[in-house]
Structures are given as C-alpha cells and as structure tokens.
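Per my numbering: the sequence shown ends with 170, consecutive numbering throughout.
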Amino acid sequence: MTYLIIVEGITDKGVVQKITEKLNVKAEILLMRGNRPNKASHIINAKLVVKNYSKVIVLKDQHEHPEDKIHEKLTETTKNIQHPKTYPIMVKKAIEAWILAGMGVPNPENIDNPEEHLDHILQLQGKRYVKTLKTAKKLAENINPQQASQHSNTLKQFIKALKDP
C-alpha cells in the first residue's frame, strides 16, 4: 500500500518524507511542477496510469494568500484527479510551521512568517535556516508527529489522511 503525495517544494518533501517514515507509511513524494496545483492533477493522473496508489494527498502552502483562494485551487485540482481517495490539504502558512510545531512552539500556524521564526530560533543556537532537502529532513528528524499535531491543525489533518483507511 503506497500513497502518492504531491508537495510544493523541496523542504516540504524533506519534512513529509520524515513524517511518513516515522509513521511507517510507504509514500512516493513528488514536487508540483512550477508550484501550480492545477498542473499537479496532470502529474498525478499520469502516475496513476502506471502505478496503483491507495490514496493521493495534495499539500499546498498558504503563504500570504487568503485561505479561501488556496482551498479553491485545491478543490479545482482534486476534482480533476482520477482517484477515489484524494485528500487536498492546505498547509497553514508554510511547512516550517510543522517544524516549529515539532519544536513545541505553540500556535505556529498563527506566525506570519514561520521560515523567519525558525531561522531566528536556529540563530539562537548558532545556526541558520537554509531551505534544502537535507536541512528539512534533519529538522524533521526531531518531530514527534503525534505531539506536533497538537500544535498544528494542518499537520493533524495530514496525519489523519495518512491513517484514514
């Protein structure tokens, strides 16, 4: 049973890889082409032709866009996906909010710029936050998904989608 997960960027991929590993979920994680959810449906449908996935999850960061616009894009994207179990999830602000949740930061989804906040925390430790796959995986290594989901509703939605039969 393998899941197909589409993410927005390389840091999203690193964080999602670590979370799925920790939850013992087998997943293939792909990047959106050009960060456009509407193109994601084409990638997903092409993958579905050659491989059978038990579910499809599409993650899209909110950034500074209104929630309704992101939900609209995700709805449009998922209605074109030819799979009965498709889960569109808006990541509130950015994937770095999930990393912050894993660090025990309360309400990280209410932080306007989670990237900047994460960088500030790391600077206090003599480090800097650089958006790379390796850095994202390393930071996500410390995430306890169950505990972190108590601080992040969108992470909780993602974990629920992973566990939903």
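Every residue gets a Cβ at the ideal spot worked out from N, C-alpha and C, and that includes glycine.
Subject >> Selection from K44, T83 and K31 that minimises the alpha carbon distance to S59 >> reply: Among K44, T83 and K31, the Cα nearest to that of S59 is on K31.
Original post:
What whole-angstrom Cβ distance do K23 and E146 have, given they're in contact under 8 Å?
Top reply: Indeed, because the Cβ distance is near 6 Å, the residues count as touching under 8 Å.
**OP:** Label V110 either buried or exposed according to how many other C-beta atoms from any shown protein chain fall within 10 Å of its C-beta, with 16 as the threshold for buried.
**Re:** So V110 counts as buried.
Subject >> Nearest neighbour of M108, chosen from I48, P150 and F163 [CA to CA] >> reply: It is P150.
Subject >> Among A141, G19, E114 and T83, nearest to S63 - alpha-carbon criterion >> reply: First, the residue type needs correcting, since residue 63 is Val and not Ser in the sequence shown. Ranking the options by Cα distance to V63, first place goes to T83.
Subject >> Nearest residue (CA-CA) to V21, options S46, A141 and S154 >> reply: Per the Cα distances, A141.
**OP:** Return the chain-ordered list of same chain residues with a C-beta closer than 7 Å to the C-beta of P113, the five sequence neighbours on each side being excluded.
**Re:** A102, L105, A106, P119, H156 and S157.
**OP:** Verify whether the separation of the beta carbon atoms of I75 and I49 is less than 8 Å.
**Re:** Contact: no.
Original post:
Can you tell me the Cα-Cα spacing of K132 and H88, whole angstroms?
Top reply: Straight-line Cα distance between these residues: approximately 43 Å.
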